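Novice: Under this note's numbering, read the sequence shown as residues 1308 to 1606, first letter to last.
Just so you know, even glycine gets a beta-carbon here, dropped at the ideal spot from N, CA and C.
Source: prediction; values computed, not measured.
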Amino acid sequence: MSQPESPVVADTTVAAGRPVPAAAPSAARRRPFALLGSELALVFRRRRTWAMLGALALVPILIAVAVRLTTGDDSGGPAFLGDITNNGLFVAFTALTVSIPLFLPLTVGVVAGDTVAGEASHGTIRYLLVAPTGRVRFILVKFAGAVAFCLAATLLIVLVGAAIGAVLFRIGPVTLLSGTQVDGWSYAGRALLLALYVTLSMLGLSAIGLFASTLTNVPVGAMAATVVLAGASQVLDQLPQLDWLHPFLFSHQWLGFGDLLRDPISFDSFGSNAVLQLGYVVVFGALAYSRFATKDVLS
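1. If you compare alpha carbons, which of 1356, 1395, 1354, 1355 is closest to residue 1372?
2. Check this for me: beta carbons of residue 1528 and residue 1453, under 8 Å apart or not?
3. Closest to residue 1451 by C-alpha separation, out of 1569, 1537, 1580, 1345, would be which residue?
4. Please classify residue 1482: does DSSP put it in a helix, a strand, or coil?
5. Ignore the nearest five residues each way along the sequence and tell me which others in residue 1470's own chain have a CB closer than 7 Å to its CB.
6. How would you call residue 1555, buried or exposed, if buried means at least 16 neighbouring beta carbons within 10 angstroms?
7. Less than 7 Å between C-beta atoms, sequence neighbours within five positions excluded: which residues of the same chain meet that for residue 1413?
8. Could you check if residue 1377 is buried or exposed, using at least 16 other CB atoms within 10 Å of its CB as the buried criterion?
9. Taking the alpha carbon of residue 1539 as the reference point, which residue from 1392, 1362, 1403, 1409 has its own alpha carbon closest?
10. Whole angstroms are fine: how far does the CA of residue 1576 sit from the CA of residue 1568?
11. Considering only residues of the same chain and omitting the five flanking positions on each side of residue 1458, which have a CB-CB separation below 6 Å?
12. Given this structure, state the Cα-to-Cα distance separating residue 1561 from residue 1580, to the nearest angstrom.
13. Using a Cβ-Cβ cutoff of less than 6 Å, which residues in the same chain neighbour residue 1532 once the five nearest sequence positions on both sides are dropped?
14. Whole-angstrom Cβ separation of residue 1574 and residue 1566, contact assumed at under 8 Å?
15. In terms of DSSP beta bridges, what is residue 1489 paired with?
16. Which residue from 1342, 1483, 1365, 1363 puts its Cα closest to that of residue 1442?
17. Do residue 1366 and residue 1509 have their CB atoms nearer than 8 Å?
18. Is the beta carbon of residue 1582 sitting closer than 8 Å to the one on residue 1511?
19. Report all residues from its chain with a CB closer than 8 Å to the CB of residue 1525; omit the five preceding and five following residues, and keep chain order.
20. Using a threshold of 8 Å, state whether the C-beta atoms of residue 1476 and residue 1392 are closer than that.
21. Please report the straight-line C-alpha distance between residue 1349 and residue 1361, rounded to a whole angstrom.
22. Leaving out the 5 sequence neighbours to the left and right, which residues in its chain are closer than 7 Å to residue 1473 when beta-carbon positions are compared?
23. If you check the beta carbons only, do residue 1460 and residue 1363 fall under 8 Å apart?
24. Please go through the same chain and pick out, in chain order, the residues whose beta-carbon is closer than 7 Å to the beta-carbon of residue 1513, but skip the five residues on each side of it.
25. Let me confirm a value: residue 1445 is counted as buried when at least 16 other C-beta atoms fall within 10 Å, else exposed. Which label applies?
26. Taking the alpha-carbon of residue 1482 as reference, which of 1430, 1547, 1390 has the nearest alpha-carbon?
27. Whole angstroms is fine: what's the gap from residue 1546's alpha carbon to residue 1406's?
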């Protein structure tokens, strides 16, 4: 008499929000970056992501158009606006400076706050963990997805700013903060460094958003908490009575990229910002894992 076949429970994973059969453990080991690729595809396929990137791209465009329509080529004006009329390459720098206090934290908060809570609200975490995907790997991949968005957002602002500046204004040698003039290609390298600096500045906020996302199954709540904390940190950084606290605020170094616009380039602020953001990533990353390690993913 033949023995009845034992039931087989297929491993599942999630791609674009839908559970699908996953590869065997040996296949998963052969493709260690499959989950990361799936996460990046999920982040950048969303209409919400493209809408936020589109809104960020509008920042340099609106700045350049407004300056072009309201300021003559030879007129002065406020500091950044006068620089733009003299050299369109300053549009990218101005757009980054304008975006850092509000627009970038808002979009980063939305993406980071949705990392875990979004999966929980759709009931897909259980499938990811059965895949097999360890909880440490899950947290790391979700954080990597948020960091990838930060990098894409800052690079987009720089590239669109340079493009619209070249179209609407004249391009020539750029005068740095130290008074030295560099050509357009040298400034392009510094603009990329600015984008990396701003991306680095958003790592602490991304880690905070990841932790907030593990505390709830409602993505909007985690998003709102992350954005509010970003605003609160900037407000506290403006209070002289809290001078002792300022160096420890994750937003304290957000606008400290002036050293990258000097000749020679100084990486002191870059290093200080990296240490500050790394501290937040370690602390809130550990808190996120601690919370997620005990999270009931079947609820």
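Specialist: Looking at the coordinates:
1. 1395
2. no
3. 1345
4. strand
5. none
6. exposed
7. 1534
8. exposed
9. 1409
10. 12 Å
11. 1506
12. 8 Å
13. 1519
14. 7 Å
15. 1481
16. 1342
17. no
18. no
19. 1424, 1428
20. yes
21. 17 Å
22. 1395
23. yes
24. 1415, 1419, 1450, 1453, 1454, 1457
25. buried
26. 1390
27. 21 Å
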